[in-house]
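Here's the structure we're looking at; comments come further down.
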């Protein structure tokens with residue numbers, strides 16, 4: 001290989017990156033699959049577990065979210081407090097500081113109790129980010145409501161503002 | 001090109017390399033989080049974000065190291081520039097679609113996508129361009145360059 005050619009240098013950088021990254025990923029305990037696996041979706045309220053010992057994050061629809069709201073399950077708002085103050089799902093918790101949020105959650109639920117995390121809409125991503133952060137902190141039974149605040153409001157479900 | 005100080009070229013190379021090197025660390029440590037950041041842009045077919053989250057940080061690490069050490073700088077600059085253009089396209093489409101998402105750039109925790117990030121990348125692209133048109137290869141150790149030839 002002639003390394004004075006830019007193209008060959010590019011090939012080399014790409015090849016070494018692919019090889020090293022895959023080897024390292026394969027050898028680490030927190031490896032991720034090469035192709036992402038979608039979150040498991042809950043289709044029926046019967047699949048909801050009150051308690052869960054194995055850590056898992058599952059996606060729920062607006063209908064399931066409404067059922068869980070009616071059953072007084074805890075909701076956690078992953079949006080920033082600025083948006084939360086303007087309007088949120090009634091009794092939902094929100095705190096920009098993760099440690100403070102966990103302290104608040106500990107008052108309401110045990111570590112293996114189910115709770116719902118949501119953010120603004122399907123595109124926001126912060127609910128998933130918060131769900132994984134909470135999972136790392138030991139919470140095991142997490143439901144992700146991807147439709148979020150937008151879908152909740154669009155369905156004329158109850159809201160409150162602070 | 002002569003108006004550019006030779007050593008300014010080396011400084012730009014080291015700064016650009018350091019930025020890429022620094023940006024790679026968090027992504028290498030937590031590829032799952034980086035994969036979620038990529039997924040939030042909603043531009044890739046589902047699943048591919050993991051492949052990118054595995055490979056891209058290491059590519060950044062190698063080209064960052066290459067630029068700092070002066071190893072295969074020409075190839076490194078082309079990849080650097082391509083990545084910066086790609087990052088800007090990703091950020092621009094996210095802004096246009098109204099996504100209020102974390103950049104996932106690896107430089108600043110919690111930094112959101114925005115015009116300032118695009119501007120930052122354009123500044124880095126300018127640095128990459130200066131490196132690309134350099135006529136003297138100062139302190140580049142591989143491919144070996146004979147300074148007396150310059």
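Protein chains in written order, with this note's numbering: chain U, 1 to 162; chain X, 1 to 150. Ideal placement from N, C-alpha and C gives every residue a C-beta, glycine not left out.
Give the residues of chain U in contact with residue 109 (chain X), contact being defined as C-beta atoms less than 7 Å apart. If you number the second chain from 1, residue 109 (chain X) lands on position 109. Around residue 109 (chain X), no beta-carbon contact reaches into chain U at under 7 Å, the shortest distance being about 12 Å.
Residues of the stretch 41-56 of chain U with Cβ closer than 9 Å to any Cβ of chain X, in chain order: Residues of the stretch 41-56 of chain U whose Cβ lies closer than 9 Å to any Cβ of chain X: none.
Whole angstroms is fine: what's the gap from residue 147 (chain X)'s alpha carbon to residue 82 (chain U)'s? Indexing the second chain from 1 puts residue 147 (chain X) at position 147. Indexing the first chain from 1 puts residue 82 (chain U) at position 82. Its pLDDT being 47, under 50, residue 147 (chain X) is placed unreliably by the model, and nothing is read from it.
Who pairs with residue 77 (chain U) in a beta bridge, going by DSSP? Counting from one through the first chain, the residue named residue 77 (chain U) turns up at place 77. In the DSSP output, where bridge partners are listed per residue, residue 77 (chain U) has U:118.
Using a Cβ cut-off of 8 Å (strictly closer), state whether residue 101 (chain X) contacts chain U. What you label residue 101 (chain X) is simply residue 101 of the second chain in a count that begins at 1. Residue 101 (chain X) counts as touching chain U.
Does the Cβ-Cβ distance between residue 63 (chain X) and residue 51 (chain X) come in under 8 Å? As a working note, residue 63 (chain X) is residue 63 in the second chain. As a working note, residue 51 (chain X) is residue 51 in the second chain. Not in contact: residue 63 (chain X) and residue 51 (chain X) (Cβ atoms no closer than 8 Å).
Return helix, strand or coil for residue 97 (chain X), following the three-state DSSP convention. Working through the second chain from its first residue, we reach residue 97 (chain X) at position 97. Residue state, collapsed to three classes: coil.
Going along the chain, which residues of its own chain have a beta-carbon closer than 8 Å to the beta-carbon of residue 124 (chain U), five neighbours each way excluded? As a first step, residue 124 (chain U) must be located in the first chain, where it is residue number 124. For residue 124 (chain U), where only same-chain residues beyond five positions count, the Cβ hits under 8 Å are 78, 79 and 148.
Would you report the Cα separation of residue 126 (chain U) and residue 109 (chain X), rounded to the nearest angstrom? For the purposes of this step, residue 126 (chain U) is taken as the residue at position 126 of the first chain. For the purposes of this step, residue 109 (chain X) is taken as the residue at position 109 of the second chain. Put simply, the backbone Cα of residue 126 (chain U) is about 14 Å away from that of residue 109 (chain X).
Pull up the DSSP beta-bridge partners for residue 59 (chain U), would you. Position 59 of the first chain, counted from the start, is the residue given in the question as residue 59 (chain U). Looking at the DSSP assignment, residue 59 (chain U) forms a beta bridge with U:41 and U:144.
Spell out a yes or no on whether the stretch 91-98 of chain X and the stretch 40-52 of chain U are touching, meaning 3 or more CB-CB pairs, one atom from each, closer than 8 Å. No: the two stretches stay apart, fewer than three of their Cβ pairs being nearer than 8 Å.
Just checking: is the beta-carbon of residue 205 (chain U) within a distance shorter than 8 Å of some beta-carbon in chain X? Because chain U is modelled from 1 through 162, residue 205 (chain U) falls outside the range shown and cannot be assessed.
On the DSSP bridge list, what partners appear for residue 51 (chain U)? For this step, residue 51 (chain U) is matched to residue 51 along the first chain. BP columns for residue 51 (chain U) point to U:113.
Out of U:88, U:136 and U:84, which has the shortest C-alpha to C-alpha gap to residue 102 (chain U)? Start at 1 with the first residue of the first chain, and residue 102 (chain U) comes out as number 102. Distance check between residue 102 (chain U) and each of U:88, U:136 and U:84 places U:136 closest, using alpha-carbon atoms only.
Does any CB atom of chain U fall closer than 8 Å to the CB of residue 25 (chain X)? Counted from its first residue, the second chain places residue 25 (chain X) at position 25. Taking Cβ atoms only, chain U never reaches closer than 8 Å to residue 25 (chain X), which makes this a no.
For residue 75 (chain X), is the classification buried or exposed, using 16 other Cβ atoms within 10 angstroms of its Cβ as the cut-off for buried? Walking along the second chain from the start, residue 75 (chain X) turns up at place 75. With at least 16 other beta carbons inside 10 angstroms of its own, residue 75 (chain X) counts as buried.
8 Å is my cut-off, CB to CB: does residue 103 (chain U) come that close to chain X? Position 103 of the first chain, counted from the first residue, corresponds to residue 103 (chain U). The beta carbon of residue 103 (chain U) sits no closer than 8 Å to any beta carbon of chain X.
Expressed to the nearest angstrom, what Euclidean distance is found between the alpha-carbon atoms of residue 118 (chain X) and residue 106 (chain X)? Counted from its first residue, the second chain places residue 118 (chain X) at position 118. Counted from its first residue, the second chain places residue 106 (chain X) at position 106. The C-alpha of residue 106 (chain X) is placed about 15 Å away from the C-alpha of residue 118 (chain X).
Would you say residue 149 (chain X) lies against chain U (beta-carbon separation less than 8 Å)? The residue you call residue 149 (chain X) lines up with position 149 of the second chain. Because residue 149 (chain X) sits at a pLDDT of 43, beneath the cut-off of 50, its placement in the model cannot be relied upon, and the point is left open.
Which listed residue (U:129, U:57, U:134 and U:97) has its alpha carbon closest to that of residue 40 (chain U): Translated into positions along the first chain, residue 40 (chain U) becomes position 40. Nearest neighbour of residue 40 (chain U) by Cα position, chosen from U:129, U:57, U:134 and U:97, turns out to be U:57.
Between the CA atoms of residue 138 (chain X) and residue 14 (chain U) - distance to the nearest angstrom: By 1-based counting over the first chain, the position of residue 14 (chain U) is 14. By 1-based counting over the second chain, the position of residue 138 (chain X) is 138. Residue 14 (chain U) and residue 138 (chain X): Cα-Cα distance of roughly 25 Å.
Listed by chain order, chain U residues near residue 49 (chain X) by CB distance under 7 Å: The residue you call residue 49 (chain X) lines up with position 49 of the second chain. For a Cβ distance threshold of 7 Å, residue set 36 of chain U lies close to residue 49 (chain X), ordered along the chain.
So, residue 76 (chain U) versus residue 65 (chain U), is the Cβ gap smaller than 8 Å? Indexing the first chain from 1 puts residue 76 (chain U) at position 76. Indexing the first chain from 1 puts residue 65 (chain U) at position 65. Against a cut-off of 8 Å, the Cβ pair of residue 65 (chain U) and residue 76 (chain U) comes out as no contact.
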